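Student: My questions all concern the structure below.
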Amino acid sequence: MANDYYNSSDLKKFGEITEWSEELGKKFFDYYGKVFEEGALSAREKSLIALAVSHVVHCPYCIDAYTKDGLQRGITKEEMMEAVHVGAAIQSGATLVHGVQMMNKHKKLSM
Amino acid sequence: MAIKKSLSARKNELSNPENQLHFLSNGIFREGKLASFEQKVKADNDFPLRPKKLEILQINVGYMCNQVCAHCHVDAGPDRKEIMTRETMQQCLDIIKSTSTHTLDLTGGAPEMNPNFRWLVEEASKIGVKDFIVRSNLTIIRSNPKYYDLPEFFKKHNIHVVSSMPHYTKDMTDRQRGSGVFNLSIKALEELNAVGYGKEGSGLQLDLVYNPGGAFLPGNQESLEKDFKNALKKDFNIEFNHLFAITNLPISRFLEYLIVSENYEDYMTTLVEAFNPAAVANVMCTNTVSVGWDGYLYDCDFNQMLGLKVASKVQHIKDYNEKLLTNRNIITSQHCFGCTAGAGSSCQGSVA
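Chains as they are written, first to last, in the working numbering: chain A, 1362 to 1472; chain B, 1083 to 1434.
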């Protein structure tokens, strides 16, 4: 078994997933590229969304990639940290909103 | 990364260009992990690079500067004493009269600190070049009362002002260029605006230069320009014409930063992987000659700092011969990957 589950140099090999499934891999990368083009949202806004999501899905490759992408776009560290907090707020909110389910069940079962 | 002195004053081994070139030719390049610049260009049958029509004469009037920026490829600073003499300036003026170049580009250090700077500008502007650039670091304008009239002086001679501004926020600017630089730069930009620079219809051109504040490439020049324009207008009511996005080349103090921060291998890998053959066709060494403070000639300002004089019988401004100079091979090494990565990079920004 490998010593590390995550190896930063593996990010550069991402494109190799296409070698074992050419059609699906190609479709994915075409889609991925299209998603990040300028659109109704700017590429800058999309970069910040990607950074926030990278944290929520705990993807170290994505965090490296979109921190660098943000720097290249001139995005400030304050903007990046606010984006991370948006992700964290949604994630913690998603946990806490289940508290209502707990309360519902508690009330139903309690006298 | 606060730096107080030049590599030269610190007697750092990288202050010797030979050590830089040795470093750039060994390690990951010698081990074959990365292709050399020569190998990459050869693969597209573009090697050796050759000059096209000579369009820009870039004159470095000295390495003295009031700032000590962390990324400076010149290793400029207050402790650098290399200054172009009036005699060498006169030799440059004689050439400007006869050359076919349409752009004269004065750089440094802070060119304004050369005691003969104003004389050179006055004499050169009488000759009448199409585009007369002065690369001003902005803070020099507010550093001493003797420079306060520079905006008016530039206006009088219709100088095209090109100024460094790595970001529209204080934090990122001061990290690269030194504490307090952002506020002084804003003040200088306000004064340039006040005399008409950067204002629509004034005919007074004010461009900004963006260098990344770390081990990453510049983003899209057009998008950065849009963001800079919006932010500087909104926060300070400042206007400018264009933004030039320039990649940091791995030489001098930026090379030191890459090594110390352990970013060197990753940065070089990024540059090599972003190699763009379309940028090779338009690199600035193909239309520029760089003149050093002592009158020697180079393919570009970067080769000047690496001590790589032009590969020609003509090596000094006093012997300048455009035909002979155009018939030369351009000297390249691994630092050239900085000009060919992504959208390419030159003193006029992206090239591809």
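For each residue, glycine too, the CB sits at the ideal point set by N, CA and C.
Computed from a predicted structure; not experimentally measured.
Per the DSSP calculation, V1216/B is bridged to which residue(s)?
Tutor: Note: V1216/B sits in a beta bridge opposite L1188/B and V1243/B.
Student: Assuming D1253/B is part of the beta strand (DSSP E), what are its boundary residues?
Tutor: Note, D1253/B: premise wrong, no beta strand (DSSP E); alpha helix (DSSP H) at K1252 to R1259.
Student: Would you grab the beta carbon distance between S1455/B and S1245/B for me? Rounded to a whole angstrom, and I think it's under 8 Å.
Tutor: Within the shown structure, residues of chain B are numbered from 1083 to 1434, placing residue 1455/B beyond reach of any answer.
Student: Cutting at 6 Å between CB atoms, please list the residues of its own chain near S1225/B, excluding the five before and the five after it.
Tutor: Cβ within range, chain order: N1148.
Student: Taking Cβ positions, are T1422/B and L1116/B nearer each other than 8 Å?
Tutor: Not in contact: T1422/B and L1116/B (Cβ atoms no closer than 8 Å).
Student: Could you tell me how far apart the beta carbons of T1183/B and I1138/B are, in whole angstroms, since I believe they sit closer than 8 Å?
Tutor: Yes, they are in contact, since the Cβ atoms of T1183/B and I1138/B sit about 6 Å apart, within 8 Å.
Student: Per DSSP, what kind of secondary structure is T1454/B in: helix, strand or coil?
Tutor: Any property of residue 1454/B remains undetermined from this structure, which presents chain B solely from 1083 to 1434.
Student: Can you have a look at S1327/A and say buried or exposed, based on whether 16 or more other CB atoms are within 10 angstroms of its CB?
Tutor: Residue 1327/A lies beyond the residue range present for chain A, which begins at 1362 and ends at 1472; the question has no answer from this structure.
Student: When the Cα of A1425/B is compared with those of S1088/B, D1256/B and V1362/B, which residue comes out closest?
Tutor: Nearest of S1088/B, D1256/B and V1362/B to A1425/B, Cα basis: V1362/B.
Student: Measure from the C-beta of L1432/A to each C-beta in chain B and report whether the shortest distance is under 8 Å.
Tutor: Yes, L1432/A counts as interfacial toward chain B.
Student: Could you work out which residues of chain A lie near Y1227/B, taking near to mean beta carbons separated by less than 7 Å?
Tutor: Sequence inspection shows Pro at residue 1227/B; the Tyr mentioned does not correspond to that position. The contacting residues do not exist; P1227/B stays about 34 Å from chain A at best.
Student: Can you give the Cα-Cα distance for Y1339/B and F1214/B, rounded to whole angstroms?
Tutor: Cα to Cα, Y1339/B sits roughly 33 Å from F1214/B.
Student: Do three or more CB pairs link the stretch 1428 to 1436 of chain A to the stretch 1297 to 1306 of chain B at distances below 8 Å?
Tutor: A contact exists between the stretch 1428 to 1436 of chain A and the stretch 1297 to 1306 of chain B.
Student: Where in the stretch 1364 to 1431 of chain A do unbroken runs of the alpha helix (DSSP H), each at least 4 residues long, occur, reported from the N-terminal end onward?
Tutor: Correct list: 1378 to 1381, 1383 to 1396 and 1404 to 1417.
Student: By the three-class DSSP mapping on this structure, what secondary structure does I1209/B have?
Tutor: Note: I1209/B maps to helix in three-state DSSP.
Student: Distance, Cα to Cα, E1415/A vs T1428/A?
Tutor: Here residue 1415/A turns out to be Ser, not Glu, going by the sequence shown. Each residue's Cα considered, the two are about 10 Å apart.
Student: Have a look at the DSSP bridge pairing and note the partners of Y1230/B.
Tutor: Y1230/B pairs with nothing; no bridge assigned.
Student: Using a Cβ cut-off of 7 Å, which residues of the stretch 1427 to 1454 of chain A contact any Cβ in chain B, in chain order?
Tutor: Flagged, chain order: K1429, L1432, Q1433, R1434, G1435 and T1437.
Student: Assign V1470/B to one of two classes, buried (16 or more other C-beta atoms within 10 Å of its C-beta) or exposed (fewer than that).
Tutor: With chain B covering only 1083 through 1434, there is no way to say anything about residue 1470/B.
Student: Where does D1126/B land, buried or exposed, given buried means 16+ other C-beta within 10 angstroms?
Tutor: So D1126/B counts as exposed.
Student: List the whole-angstrom C-beta distance separating K1387/A from T1379/A, where the pair is believed to meet the contact cut-off of C-beta under 8 Å.
Tutor: Confirmed, Cβ separation roughly 6 Å.
Student: In terms of residue numbering, what span does the alpha helix (DSSP H) encompassing Q1303/B cover?
Tutor: Here the alpha helix (DSSP H) through Q1303/B covers Q1303 to F1318.
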